[in-house]
Every structure is written in C-alpha cells, then in structure tokens.
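To start, the structure under review is shown below, and the notes come after it.
Numbering (the numbering used here), first residue to last: -17 to 289.
Here you go:
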C-alpha cells in the first residue's frame, strides 16, 4: 500500500524542512519512497534488527545526508528522536509485523514452511527465543499466549501436547513444532484456514519480541511527537495490531467533555482526527502482485490541535 502511504503523508511533508520517523524501518522501502518524493525531508529510521539497519543503510546511501538510522525498539521512539535533536516530527509511519527477509531466511526460525531452529528473534542479541518459550513456559502460560496472541481456539490442546512431548525431548525445530500443532488440532479444523501452525507461530513471535507491548507504548509516543498538521499512518497485519491501533487512535480523536454541557470544553476537545474510515485494505491488484499484503490494514490520523 505504498502509494496510499505516500498520499496520506504528503500534506504533512509539504513544508520547507519536514521530518518523518519510520518506526519499523525494515529494508527501507517506505523510507526510500518518502525521501525520493520529498527532497528536503529528513528521515529518522528505527529498527531493532541489526540486519535491517545494515541493509537499509546500504539502500538509502544516496540519501545519507538526510537520514538518521538507529538500532532500537520502536517503543524507544521518544528517546531516539530526542537524541537525534528532532523531538517533534511532521509524520510517523508504522509498518508492523515481521519483514519479508525475516520470513524468507530459514535460519531466523519465523516460518513454519522451513525446518529451522526455533528462534524468532528480531534482535538476535536478546536472550528470549521461541525455543525457550516452548520448552520452559508452563502449560497455563503457553495456553494464554496461544489464545491471546494467536487467537487459537485449541490453545489448551496445543499447549498440553507441547508440554507432553517436550518431556521426552526438547522441541528445538520449527518442523517439529509445526507437526505437533497439526497433531493437536482436530482433523475437521485442519481442512480449512491454511496451515494450522500459523496461529501458534504468530503467538510465539509476538511473545518473543514483545510486539504488542512495544506498539502500545510507541504509537502514543509518536502521536505526542507530531506537530500541528502532522500525520501518522499505521499498517497492521493481524487483528491484534489493528485493534490496538484503532483503540489508540479513537482515544485521541474523541471529545471527552462531560455529557450535557452547553459548550464543549477546550481541554477536552480531540487533538487528532481520523483520515481513514475504518481500516483500509489493499486492492486486488496489489494482493495479486504481493500475496503477503492481503492481511494489511491501514489506519491514519492527523493532529488538529496542540496540547
């Protein structure tokens, strides 16, 4: 949805020296397009994955004098902007979830389609891995993670089978985990909805990387950093991310004046307005070109008042 992202952010980047923050830099595709479209733009890019920083640095080399790339988690956004000397920004972009290289590189352990070590770390220097979660968390904690982060109907069945099988041998590979999930899911359910391991792998990835808690802190920080007329765009790829994004944006675009007052209170007026009606979806052409875009949900908002 690159064209739509550019369209939504363009009005906020029309000033003489605009600043944008890309809170999930990845390979720098959105950053590159924004820098090319706005010749005076300075972009601050954040990513926790050192490989992403390395590759985006190479990709954005033609714009080296207009970028500040920082290896950090997105919820460190306020500190990153302060340290960069740019505490207020004109635009913020969140392209959430796992990047294509992380999925495609088998050794990262994100994908159930490869037989690889159970890893799933976006930052490979952190200690917590999917293998550690699978082999050390209690059945109750595994059930909670699979239910809350994977929306897995059969969370308890999957968790109990994992605990039973890891007692025989530690579960260390993506293939073995995927096979266990398949065995735990009833046959009738396995016939529809794609690979039955998808929800479990999503849940583990979110747990390992603290993705929802990071978004819960990072998005409000980005909204606070926006100048008057500044805009934020969020691309979410599953319902949990999109639901959290909706909650944060709706809270900032709501009049909180007590009911029944004859005159609205200025302090309770919304500081933002929504730029999208609900979540926008990719069109058929984009999905045909990039099947991974099928789950994308886009929301955007603009600051209309300071305070």
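Glycine is no exception: its CB is placed at the ideal position from the N, C-alpha and C atoms.
Range covered by the beta strand (DSSP E) that runs through residue i
i, result
"residue 288", "Taken as a continuous stretch (DSSP letters only), residue 288 belongs to no beta strand (DSSP E), as it is neither H nor E."
"residue 378", "This structure cannot speak to residue 378, because the chain is shown only from -17 to 289."
"residue 215", "208 to 218"
Local conformation of residue i per DSSP, three classes
i, result
"residue 9", "coil"
"residue 279", "strand"
"residue 22", "coil"
"residue 239", "coil"
"residue 262", "strand"
"residue 31", "coil"
"residue 224", "helix"
"residue 3", "strand"
"residue 142", "helix"
"residue 108", "coil"
"residue 247", "coil"
"residue 234", "helix"
"residue 199", "helix"
When the options are compared against residue i, the one with the closest alpha-carbon
i, options, result
"residue 140", "154, 286, 150, 116", "116"
"residue 50", "78, 19, 77, 14", "14"
"residue 282", "126, 125, 181, 227", "227"
"residue 205", "149, 70, 21, 12", "70"
"residue 286", "123, 267, -7, 254", "254"
"residue 257", "234, 236, 284", "284"
"residue 28", "4, 21, 42", "4"
"residue 248", "230, 218, 39, 289", "289"
"residue 225", "10, -16, 197", "197"
"residue -14", "274, 122, 43, 261", "261"
"residue 156", "276, 179, 21", "179"
"residue 220", "33, 154, 187", "187"
"residue 145", "264, 167, 122, 2", "122"
"residue 57", "271, 194, 242", "194"
"residue 189", "129, 230, 152, 263", "129"
"residue 75", "-11, 67, 239", "-11"
Extent of the continuous alpha helix (DSSP H) run through residue i
i, result
"residue -15", "-16 to -9"
"residue 132", "121 to 132"
"residue 188", "180 to 191"
"residue 115", "112 to 118"
8 angstroms contact criterion, which residue i and residue j should meet: CB distance rounded
i, j, result
"residue 212", "residue 73", "6 angstroms"
"residue 172", "residue 164", "7 angstroms"
"residue 214", "residue 208", "6 angstroms"
"residue 54", "residue 30", "7 angstroms"
"residue 134", "residue 93", "No, residue 134 and residue 93 are not in contact; Cβ-Cβ is about 18 angstroms, not under 8 angstroms."
"residue 100", "residue 113", "4 angstroms"
**Study point:** 3 or more residues per run - each beta strand (DSSP E) lying fully within the segment 37 to 101
**Key:** 49 to 53, 71 to 77
**Study point:** Runs of alpha helix (DSSP H) wholly within the segment 144 to 179 (minimum 4 residues, chain order)
**Key:** 156 to 166, 169 to 172
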